[in-house]
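Below you'll find the structure, written out as structure tokens, and then a few comments.
Numbering (the numbering used here), first residue to last: 112 to 381.
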């Protein structure tokens with residue numbers, strides 16, 4: 112049988128079409144069936160040199176009709192079923208901030224909050240939104256993780272630079288008007304004569320929410336003043352108190368908010 116096959120191969124003229132699993136090949140080599148490749152697949156070769164086997168992790172990409180395929184390194188994250196994958200990231204910044212909680216505005220005196228508190232319920236605190244940080248998006252898969260990362264600058268100016276003053280405040284993340292993440296904090300100035308009573312502080316909040324229901328989502332950031340040692344202390348969030356000072360400006364105290372939407376990968380079989 113070996114000699115018969117050899118004779119058959121020798122008798123094939125140049126440029127003939129060879130079919131495996133078919134009696135009517137449509138190209139030089141036409142394979143109708145499963146193919147097992149045990150070693151390298153080289154492309155782009157000539158009669159004078161072997162082709163290119165590619166590098167580890169590269170994929171074979173078509174260049175179109177009449178052109179040979181080539182190996183390419185693609186920066187693509189392949190999504191495997193059963194894994195969590197980053198679907199979208201939303202990044203926003205704001206330099207308008209909050210100035211309506213400053214001197215003469217009383218603190219609300221509410222120290223505690225719970226997940227689900229409504230942003231408009233004044234019995235849960237007097238919340239003020241940072242308008243430029245609002246994000247609207249859609250969740251496709253109810254099995255997910257939403258990661259929130261919020262950072263802003265806080266500034267206080269004591270009425271008397273040589274006096275110790277403090278403001279207790281809090282900022283939270285609201286999804287569809289309901290509280291999902293919160294962190295209280297406090298800024299203190301102690302005889303801050305070098306900066307004429309001005310004290311700056313960086314506030315951060317990070318939180319991951321799991322299995323958010325699929326559908327439209329509206330995410331906002333809001334803050335409130337809980338307590339102030341002096342009603343006349345000036346206080347701002349996400350912006351500077353005055354543009355005439357030499358200590359800060361709106362850029363150095365701006366608010367930044369990032370949302371990562373991570374969903375569970377499921378492939379549907381049609």
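Where is the CB? At the ideal position from N, CA and C, for every residue including glycine.
Excluding sequence positions up to five before and after residue 361, its CB lies within less than 7 Å of the CB of 206, 350, 351, all in the same chain and listed in chain order. Residue state for residue 300 is assigned as strand, using DSSP reduced to three classes. DSSP places residue 235 within a helical segment (H, G or I) once states are collapsed to three. In the structure shown, residue 243 adopts helical secondary structure according to DSSP, grouped into three states. In this structure, residue 204 sits away from residue 171, with a CB-CB distance that is not shorter than 9 Å.
Around the beta carbon of residue 310, 16 or more other beta carbons lie within 10 angstroms, which makes this residue buried. Each residue's CA atom was taken as its position, placing residue 370 and residue 319 some 10 Å apart.
Contact between the stretch 223-230 and the stretch 246-262 is absent: fewer than three C-beta pairs spanning the two stretches fall below 8 Å. Residue 329 places its beta carbon less than 9 Å from that of residue 246.
A direct Cα-to-Cα measurement between residue 178 and residue 146 gives close to 23 Å. Beta-bridge partners assigned by DSSP to residue 328: 248.
The alpha-carbon separation between residue 137 and residue 148 amounts to approximately 21 Å. The Cβ atoms of residue 213 and residue 221 lie no closer than 9 Å to each other. The shortest C-alpha to C-alpha distance from residue 199 to any of 167, 302, 252 is the one to 252.
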